[in-house]
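Step one of this worksheet: look at the structure below.
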Amino acid sequence: MSAAEDRIWTVPNALSMLRLLGVPVFLWLVLGPQADGWALLLLMLAGFSDWLDGKLARAWNQTSRAGRLLDPLADRLYILATLIGLTLREVIPWWLAGLLIARDVLLLLCVPILRRHGLGTALPVHFLGKAATAGLLYAFPLLFLASHDGWYADVARILGWAFAIWGTGLYWWAGALYVVQGRRLIGGASRA
34 MSAAEDRIWT
44 VPNALSMLRL
54 LGVPVFLWLV
64 LGPQADGWAL
74 LLLMLAGFSD
84 WLDGKLARAW
94 NQTSRAGRLL
104 DPLADRLYIL
114 ATLIGLTLRE
124 VIPWWLAGLL
134 IARDVLLLLC
144 VPILRRHGLG
154 TALPVHFLGK
164 AATAGLLYAF
174 PLLFLASHDG
184 WYADVARILG
194 WAFAIWGTGL
204 YWWAGALYVV
214 QGRRLIGGAS
224 RA
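Written out as C-alpha cells, the structure reads:
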C-alpha cells in the first residue's frame, strides 16, 4: 500500500474530523437548549462537508485509508444522533428510527464475520449507499423544519417525507448489497 494511502492529515480528513466533533454539539443543541436554528445550520453544514470532503479527496488526490473510515463513521454518527434527537423531540416517528437503526445493526453484525475471514471491517462504499445517505441527510433538516410553524412547514414536510421514504428504501437496498458484497468476498477468500 502506498504512503499516500496512510496519510491522516489531509484537508478531507480534517473536514470529516470536524464533522465528527459536530455530532455531540448537534445532539446537545437539539435536546438541551433546543436551539433549533443552530442545530439545523450545523446539520446542513455537516451534509455539505460530507459532499465536500469526498470531492476534495478525489480532486486533490488525498484519498486515504483513514478517510475511508472517518467519512462513513461521521455519516453513521450524524444519522444516529439525528434519529435520537428528532425522535425524542417527536419530529420523526419511532418506526422510522427503528428501521434505520435496524439496518445499521444488521451491517454491524457482519463485521466479526468479515474479520474472521481476514477482510477487515469495512466494505468499499458504493454509489447506492452514498445516494441513500444523501437522501437521509436531506430528509432530516426538512423534517426538522416541518416541525415548526411557518409558511415553509408544509413544503418542508412533503419534501422531507419524500426524501425520508426514498432514503430509507435506498438505505435498506444498499444494506442488502453490502451483505451480498460481503458474501462474495468471503466466498472468494474461502476459495483462495
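Residue 34 is where the sequence shown starts when you use the numbering used here, and the numbers rise one by one after that.
Even for Gly, the Cβ is constructed at its ideal location relative to N, Cα and C.
(Q) Assuming N94 is part of the alpha helix (DSSP H), what are its boundary residues? (A) Neither: N94 is in no alpha helix (DSSP H) and is coded neither H nor E.
Q: Can you give me the Cβ contacts of S49 inside the same chain, cut-off strictly under 6 angstroms, excluding the 5 residues immediately before and after it?
A: Correct list, in chain order: D86, L103, D104 and A107.
Q: Sort I146, M77 and G221 by Cα distance to V56 and report the nearest one.
A: Relative to the Cα of V56, the nearest Cα in the group I146, M77 and G221 belongs to M77.
Q) Applying the criterion that 16 or more other CB atoms from any shown protein chain within 10 Å of the CB defines a buried residue, is A209 buried or exposed? A) Label assigned to A209: exposed.
(Q) Considering Cα atoms alone, identify which of A79, R52, L218 and W61 is closest to R149. (A) Here the closest residue by C-alpha is L218.
Q: Measure from the C-beta of G220 to each C-beta in chain B and report whether the shortest distance is under 8 angstroms.
A: Any reference to chain B falls outside this structure, which holds one protein chain only.
Q. Does the Cβ-Cβ distance between I240 and L141 come in under 8 angstroms?
A. Within the shown structure, residues of the chain are numbered from 34 to 225, placing residue 240 beyond reach of any answer.
**Q.** When R122, L53 and L51 are compared against A239, the one with the closest alpha-carbon
**A.** Outside the shown range of the chain, which is 34 to 225, sits residue 239, and nothing can be said about it.
Q) Taking the alpha carbon of L175 as the point to measure from, which residue in A165, L53, G168 and R190 has its own alpha carbon closest? A) Just measuring C-alpha positions, the residue of A165, L53, G168 and R190 sitting nearest L175 is R190.
Q: Check whether the Cβ atoms of L203 and A164 sit closer than 8 angstroms, and answer yes or no.
A: For L203 and A164, yes; Cβs fall inside 8 angstroms.
Q.
I need the straight-line Cα distance from L60 to R136, nearest angstrom please.
A. Those two C-alpha atoms are separated by around 21 angstroms.
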